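Engineer: The structure under discussion is supplied below as structure tokens; questions concerning it will follow.
Chains as they are written, first to last, in my numbering: chain A, 233 to 295; chain B, 7 to 343.
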């Protein structure tokens, strides 16, 4: 149920791909739509503009 | 995308209740906010609610109403990013994701409150009782969609306005809500007195309802949470004061209506940028404050914090009377400048 709307959003990140992937694994974010974007809002907006999709910005620190 | 720390966060766009463990913004590439998701209380959060909020945002993306969505972006902030707030200048550095060094969401809220207070402001109720839940008006809204009225509390402004269980909230102050967080946003912007306008659907028919806002309407629901408001106390007063329970009062011979704040935590010299004024003045963990500046009456946790942020100024003194080992003593505590 969660997948359909999530696929419609841009999933976003700022770190080098390897670092981002390590962080993603460490915090347990599920790669539903490809690489996550961490801490790079401009990159998120750029991807949203490129794809025409809306952006979901999730505020959640590393616990 | 995920924001894991607040350094450089654009506060002209991202304004939300930072006192939570999760918050979500749905918006488009032109920075139009479709809605927010996330509330303080577990009962108002659910995976189904998040999915429905996302669906609601997608619907707005397909058929945007720019005029209706404009008010989901807040007014220009006092400080554009968190790290330039005076209260946060010393404490944080970019890339520091240690527990203390990181700019958390709640750090943004605390930073603004303390920065304003250090600048000599008396904080308005809006900055203490932030992002009120719709329950404050008597509206109990379904967590799963943030729009359906589950029930209406008796003897409340919402009941007086004519709300009924089952009503669908189509717009609040002209904005289409996709979650309870959107209702909180609208209420956060509402005036101290006045009214809040709703467009509602009932049994398939549109209806307009207006809820009056009486004086002090925000204060019906407490804002105090130990983990964040405790920090606020520590920075201003130099200690965390816990309101004593009935049993604890009885042990000390304190009446129910008396002030009874137990000093339960004080900062250490090893903490980054601690306020040690209370410790240097002689206050100790375990002391029970029975009088503050001549006030002996009971205060709730909210009232205690509001007293600090609304009645005291930087550089003034908190004239405390404390009970320690059965004896009373006076301890004046200077507040930071």
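Where a beta carbon is used, it is the ideal one built from N, C-alpha and C, also for glycine.
Note that the structure is predicted; figures quoted are calculated from it, not measured.
Between residue 252 of chain B and the rest of its own chain, which residues show a CB-CB distance below 8 Å, the 5 nearest in sequence each way excluded?
Structural biologist: Excluding residues within five positions, the ones whose Cβ falls inside 8 Å are 262.
Engineer: Using only alpha-carbon positions, find the residue among B:205, B:195 and B:191 that is nearest to residue 176 of chain B.
Structural biologist: Nearest C-alpha to residue 176 of chain B: B:205.
Engineer: What residues from chain B crowd round residue 267 of chain A, counting only those whose CB sits closer than 8 Å?
Structural biologist: Under the 8 Å cutoff, chain B gives no residues; its nearest Cβ is about 10 Å from residue 267 of chain A.
Engineer: Roughly how many angstroms lie between the CA atoms of residue 157 of chain B and residue 337 of chain B, to the nearest whole one?
Structural biologist: Rounded to the nearest angstrom, the two C-alpha atoms are 49 Å apart.
Engineer: Cα-Cα, which of A:272, A:288 and A:280 is closest to residue 15 of chain B?
Structural biologist: That would be A:272, whose Cα lies nearest to the Cα of residue 15 of chain B.
Engineer: One question on the structure: do residue 289 of chain A and residue 294 of chain B come within less than 8 Å of each other, judged by their Cβ atoms?
Structural biologist: Not a contact, by the Cβ cut-off of 8 Å.
Engineer: Just to confirm before moving on: does the CB-CB distance between residue 135 of chain B and residue 241 of chain B stay below 8 Å?
Structural biologist: Not closer than 8 Å, so no.
Engineer: Between the stretch 152 to 167 of chain B and the stretch 278 to 286 of chain A, are three or more C-beta pairs nearer than 8 Å?
Structural biologist: As far as the Cβ criterion goes, the stretch 152 to 167 of chain B does not touch the stretch 278 to 286 of chain A, which means the pair count is below three.
Engineer: Is the shortest distance between the beta-carbon of residue 16 of chain B and the beta-carbons of chain A less than 8 Å?
Structural biologist: It does: the Cβ of residue 16 of chain B has a partner Cβ on chain A nearer than 8 Å.
Engineer: Counting only runs that start and end within the stretch 191 to 237 of chain B, where is the beta strand (DSSP E) found for 3 or more residues in a row?
Structural biologist: Segments of the beta strand (DSSP E) lying fully in the stretch 191 to 237 of chain B: 200 to 208 and 211 to 219.
Engineer: Can you tell me the Cα-Cα spacing of residue 253 of chain A and residue 292 of chain A, whole angstroms?
Structural biologist: The alpha-carbon atoms of residue 253 of chain A and residue 292 of chain A are separated by roughly 17 Å.
Engineer: Considering just the uninterrupted stretch of the beta strand (DSSP E) at residue 146 of chain B, what are its terminal residues?
Structural biologist: Run containing residue 146 of chain B: 145 to 147, per the beta strand (DSSP E) assignment.
Engineer: Are the Cβ atoms of residue 111 of chain B and residue 26 of chain B separated by less than 8 Å?
Structural biologist: Cβ atoms of residue 111 of chain B and residue 26 of chain B: closer than 8 Å.
Engineer: I'd like to know whether the C-beta of residue 261 of chain A is nearer than 8 Å to at least one C-beta of chain B.
Structural biologist: For residue 261 of chain A, the answer is yes, since a Cβ of chain B falls inside 8 Å of its Cβ.
Engineer: Name the one or two DSSP bridge partners that residue 318 of chain B has.
Structural biologist: DSSP lists no partner for residue 318 of chain B.
Engineer: So, using beta-carbon positions, are residue 63 of chain B and residue 32 of chain B closer together than 8 Å?
Structural biologist: Their beta carbons are under 8 Å apart, which means residue 63 of chain B touches residue 32 of chain B by this criterion.
Engineer: Count Cβ pairs between the stretch 174 to 194 of chain B and the stretch 206 to 216 of chain B that sit closer than 8 Å; are there 3 or more?
Structural biologist: The stretch 174 to 194 of chain B is in contact with the stretch 206 to 216 of chain B.
Engineer: So the alpha helix (DSSP H) residue 121 of chain B belongs to, where does it begin and stop?
Structural biologist: Residue 121 of chain B -> alpha helix (DSSP H) spans 111 to 124.
Engineer: Which chain B residues sit within Cβ distance under 7 Å of residue 258 of chain A?
Structural biologist: In chain order: nothing, as chain B lies at least about 11 Å away.
Engineer: Which bits of chain B does residue 271 of chain A rub up against, with CB to CB less than 7 Å?
Structural biologist: By Cβ distance, chain B contributes 9, 10 and 11.
Engineer: Where are the alpha helix (DSSP H) runs, 4 residues long or more, that stay fully inside the stretch 42 to 83 of chain B, in chain order?
Structural biologist: The qualifying runs are 53 to 68 and 72 to 76.
Engineer: What's the call for residue 190 of chain B, buried or exposed, on a 16-neighbour Cβ count within 10 Å?
Structural biologist: By the 10 Å Cβ count, residue 190 of chain B comes out buried.
Engineer: Between residue 339 of chain B and residue 325 of chain B, what straight-line distance do the alpha-carbon atoms span, to the nearest angstrom?
Structural biologist: One C-alpha to the other measures close to 6 Å.
Engineer: Mind listing, in chain order, the continuous alpha helix (DSSP H) runs of no fewer than 4 residues lying wholly within the stretch 277 to 320 of chain B?
Structural biologist: Taking only runs of at least 4 residues, the alpha helix (DSSP H) segments lying wholly in the stretch 277 to 320 of chain B are 283 to 287 and 307 to 317.
Engineer: From what residue to what residue does the alpha helix (DSSP H) around residue 170 of chain B run?
Structural biologist: First-last for residue 170 of chain B: undefined, no H or E at that position.
Engineer: Enumerate in chain order the residues of its own chain whose CB-to-CB distance from residue 145 of chain B is below 7 Å, with the five nearest sequence positions on each side excluded.
Structural biologist: For residue 145 of chain B, where only same-chain residues beyond five positions count, the Cβ hits under 7 Å are 155, 158, 164 and 169.
Engineer: Can you round the beta-carbon distance between residue 304 of chain B and residue 264 of chain B to whole angstroms, since I take them to be within the 8 Å contact cut?
Structural biologist: Contact holds; Cβ gap of about 6 Å.
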